[in-house]
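These notes are about the structure you will find just below.
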Amino acid sequence: IDDDTDTFGVDFVKINDKRLAKHYGIKNFPALTYFREKEPIIYEGDLMDEESVLDFLTSLEAMDLPDRIEEVNAKILQKIVEDTDYVAVLFYKPSCKKCIKALQELENIDDEADQLGIGFVKISDEALADEYNLGDLPKLVYYRHQIPIIYESELTREEDVLEWLVQNKSTGDEEDVIEDVTAKTLETLIGSIDNLVVLFYDNDDEDSMQVLGELEKIDDDCDKHGIQFVKIDDSVAAKSFGIDDVPAIVYFENQIPNVYDGDIENEDEILEWLVDQLEKDEIEDVTDEMLDRLIKEGKTLAVLFYDNNDRKSQRVLKELENIDDECDALGVVFVKIDNTEEAKEYGIEKIPALMYFEKGIPMLYEGNLEEEEKVLKWLQHQESSDQIEDVTDEMLDMIISKMPHVAVLFYDKDQKKSQKVLAELENIDDECDQNDIAFVKIDNDAEAKEYGIESLPTLLFFEKRIPFVYEGDLLKEDELLSWLIHQKRHSEIADVTDEIVDKLIDTVPYLAVLFYDKDDKQDIRILNELENIDDDLDKEGIVIVRLDNDAEAKEYGIDHLPTLVYFEDKIPAIYEGDLLNEEEVLAWLIEQKRTATIEEVTDEILKNLIEEHEYVVVYFSGRCEDGQACDDILEELENIDDELDDSGIIFVTTEDTALAKKYNIKSFPILVFFRNKEPLIYKGDLEDEDEVLSWLTDDDTLEIPGKIEEVNTRMLDKILSENDNVVVFFYSEGDKKSHKIISELENIDDECEEKDIDFVKTSDEGIDKEYDLPSLPALAFYKNKFRKFYTGDLMQEEAILEWVLELHSSTPDVIESVDRKTLQTLINDVEHLAVFFYDDKCESCEEILEELETIDDDTDKHGIQFVKSKDSKLASAIGIFSFPALVYYETGVPIMYDGDLKKEEKVLDWLIEQKSDGCFFIGLGGKNAIPKPSYEPFKCCPTQVTKGTKVAKATPTTANKKEAEKPKKSSKGGAKNPTPPPSSKNKEQPKGKDKSSAKEKQLVTASEKPQKGKKGFFGNGKYIWWW
């Protein structure tokens, strides 16, 4: 085949040099290696089959090089066009500057085209170009099944080229299929195609494949409307867009996503919705992940935070829809999001609220949102103004947490020097934007002091939340700009203040701090070595900083420098190895992060831990060498570190003995449990770690006589899940009044204990939000996980005791109200649960609740717990958007009552029926849909399994006539040489598909997996309709 390879422009040589072969990874001989642009490709096939070898040497796959368009000659081009369904060919001249520029741009989409099944090659054969009458070069010719068309637009706009290639992939002759893409290709398509529909699916999921079959029917129709349709089977990519359940459809218009929430199996409805998106002008709804992506990409955004169930939100939305076009003209993308948690992340407590983002920096609109003209003027001003944005401390924290590079000027707006500096720095704001550095300013002395800033103005540069202080002259803006760009491009360990270290310990989960002396040559040498592992630590999510402060080091018991301390969730551990061996340091830090280890601490660190944390276990080992009994015991105790961590108990070890002696501890090793600073010595066998764990987590061990135990959230969750009667005092650590209340409450702790009532207190940060508290301080009594708040005077302990004992002995005759956390626990733990969802705006809810109270005792008798909840977020998650509503949960699975809630006897009968009958019917359709013939009700009943199994089983049973008969809706209705390209683009009309008959769907059988619910459900007793 030597002559043939010559014909194809491939030089063929042989060599007998084993040393050179070894250099290319060749160990077995003979071996054939094909060099493309100096890159070797080893042939894996049969060398005796010369035809296969020739095919390999002349195939497009063999020529493929990442991010490069392959060069071919006329002979190879002919073969590629014959062998490849879709191939784009760039005809160019090497000496032509315009050609080279086009080539550079098109190489950016080579990989994406390849992912879409489109080959991409280039050829510099002017004779062939003349033969095809291509005219001036460069020219792009696209062969589809050997049929060529010419691209007539600008070749330097590579995204437009990719969109054109995708749009023209179908010739109308072949069966139409929705293209499968990768995550990388999807990103490119979103950025380059104006109207794109994406089906997120799972190739192994029946629902997904069924939906895909339906959607193939509207692919041609989408093409006619200029909408491109692709699909992706990638759960990670789906989650990055906030898609938790597949199949799901997202429509992107000019990169802005809009999630389809209708019937995903109704292709006609989907097509109608897509066409509506093209024609209608409305503000797109996005998920929190989508919003984060848009902000991260630096889009200029207007974001309406709203509540879909709130009337004012609906009025505001209606007004703001009127200025959506004007925002488009300004280049401002307008989106909306119904997510109160996301709003709180931006410091928004009251919705609706409008926030403007430019280069990731947020600005809150303070005016009336129902006056859309004023809103538009404000947005126009924000878009046109060229100033460094002023932010609040909450916004600053959010920007630092969400953006990788942020420059912050701490200043005083009434100070002349600050005003002068600000005037200079406004000159480099645009340059910072161009280098993807967000630039903001803040006038807040308290926030400045948190970062150890004593004098203003001062500039900090944050790289991935780590601050760097600018030491230069702020009036020399060019030098500052150079420094900012240098900091962004070059990674180094940040030099920080002690205040910054304290802030990082509070906010960064994995932190390494090098305490050093910058005037010591050995310390600088160690610092230089550790700079080599900075990038590796960054990949592991470990932040490393340095601090030159002797006094701060001494606070951690560090008496010699340099010393490395690792903090995980605020708990420190000291590195005892060689700091000059950076690989060893890296391995130790990674081990600390990845594995559960008992941290070694100094006496000073231990003092702080005991002072700041409720439960601390200390293994005082004394002087301990490897291989000694004390070391073996420590190794065994490592096995229970995870369990203690789950219970909110900190476990550390120390060889220091000074603090131990203060507690009159003289013999080692010994285990001491500090409960709210009170020590308790373990008297059992230290070598039996299970016995140690049992003792540490025993209620008798955890309790301190005469004192209310301080617990963290983990321990509180454990106590509430394991104990029937618990009194909890929620308070803020710095509140003096709360401490006075605690003194009073401790007078009744023993009385509560006598009645087997646990009494604890907690002041963890964010506890009010975590437990949905009305305010702090608050006192709550939990009985079987149900809670009631005390509304009287918290200083009157006798009245509180009377209230607690009364609740303890009483049997509730009302439906208990539960918070979100408790409700989630009940759904997970209680087998039979009825939940009445309501809200304060509902006029009929109170009357209905009074009726339902009359059947509460009856549901108890039948083993059904009945509770009520105002949690609209949890309700909306299962498809409830209007109140009141009743939902029955059986082993966590919800079924909604569709009858009259005022008729409590019927409600009771329905609940009993749900519980007593192990069988239920499943059907598919919309909220008020009538079952299709192919979706006849299917009865699921428990099956007796002869042996243990992890696979759910169901016995298919024919429904009786009365149950199964429902109204049914009728169904709806080549040449050897490449063909020379024409002088203008062929316009071909794709053929439509016959939709007269729908595919017959198969019923679920016992061996098949059941159909999944989509966005919610609708039940009418026995039947559950999912959509």
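Numbering of the sequence shown is given in full-length UniProt numbering, commencing with residue 1 and proceeding in unit increments. Built from N, CA and C at the ideal position, the CB exists for glycine as well.
- Assignment of Phe439 by DSSP, reduced to helix, strand and coil, places it in the strand class.
- Beyond the five residues adjoining it in sequence on each side, Ile590 comes within less than 7 Å, by CB distance, of Glu540 in the same chain, given in chain order.
- One thing to note: Lys873 has its Cβ within 8 Å of the Cβ of Thr340.
- Minimum Cα-Cα distance from Lys413 among the listed residues Asn427, Ser401, Ile442 and Ile399 corresponds to Ile442.
- Contact check for Leu291 against Val275 fails: the beta carbons are separated by 8 Å or more.
- If you draw a 10 Å sphere on the C-beta of Thr811, you find fewer than 16 other C-beta atoms in it, and that means exposed.
- Secondary structure remark: continuous beta strand (DSSP E) runs of at least 3 residues inside the stretch 123-211, in chain order: 139-144, 147-151 and 195-200.
- A straight-line Cα-Cα distance of about 20 Å links Pro40 and Glu50.
- The beta strand (DSSP E) runs of length 3 or more contained entirely in the stretch 231-280 are, from start to end of the chain, 248-253 and 256-259.
- The secondary-structure analysis by DSSP pairs Leu304 across a beta bridge with Lys336 and Leu354.
- Collapsing the DSSP output to three states places Val760 in a strand.
- For His225, the three-state secondary structure derived from DSSP is coil.
- Proximity of the stretch 696-716 to the stretch 762-769 meets the contact definition, three or more beta-carbon pairs being nearer than 8 Å.
- Lys783 and Arg675 have their C-alpha atoms spaced approximately 25 Å apart.
- When beta bridges are read from the DSSP output, Asn725 appears opposite Lys783.
- Going by C-alpha positions, Ala31 is about 26 Å away from Lys75.
- By the 16-neighbour rule on beta-carbons within 10 angstroms, Gln104 is exposed.
- DSSP places Val893 within a strand segment (E or B) once states are collapsed to three.
- With respect to Glu358, Gln382 sits close: the two C-beta atoms are nearer than 8 Å.
- From the listed residues Leu422, Lys861 and Glu499, the smallest Cα separation to Tyr451 is found for Glu499.
- If the five residues before and after Val617 are omitted, its C-beta is found closer than 8 Å to the C-beta atoms of Leu644, Ile649, Ile650, Phe651, Val652, Leu671, Val672, Phe673, Phe674 and Leu696, all from its own chain and listed in chain order.
- The closest CA to that of Lys861, considering only Leu460, His560 and Ser916, is found on Ser916.
- DSSP assignment within the stretch 2-79 yields the following whole beta strand (DSSP E) runs of 3 residues or more, N-terminal first: 33-36 and 39-42.
- Burial is judged here by how many other beta carbons sit within 10 angstroms of a residue's own beta carbon; Tyr24 has fewer than 16 and is exposed.
- One alpha carbon belongs to Leu215, the other to Glu267, and they sit about 6 Å apart.
- Ile361 sits in a strand when the DSSP states are folded into three classes.
- Of the residues Glu282, Lys217, Glu272 and Val246, the one whose Cα lies closest to the Cα of Ile256 is Glu282.
- Close CB contacts of Glu372 within its chain, under the 7 Å cut and outside five residues either way in sequence, are with Glu319, Leu320, Asn322 and Ile323 (chain order).
- Residue environment analysis places Asn427 among the exposed positions, since fewer than 16 neighbouring C-beta atoms fall within 10 angstroms of its C-beta.
- About 22 Å separates the Cβ atoms of Glu853 and Ile895, ruling out a contact at the 8 Å cut-off.
- Your pair Ile232 and Val259 does not check out as a contact, with CB atoms roughly 15 Å apart and the cut at 8 Å.
- In the structure shown, the three-state DSSP call for Gly213 is helix.
- In this structure, DSSP gives Ile610 a helical state, which the three-state scheme calls helix.
- The Cβ atoms of Pro572 and Ile533 lie no closer than 8 Å to each other.
- With respect to the 8 Å criterion, Ile493 and Glu463 are not classified as neighbours on the basis of their beta carbons.
- Just so you know, the alpha carbons of Val893 and Ala238 end up roughly 24 Å apart.
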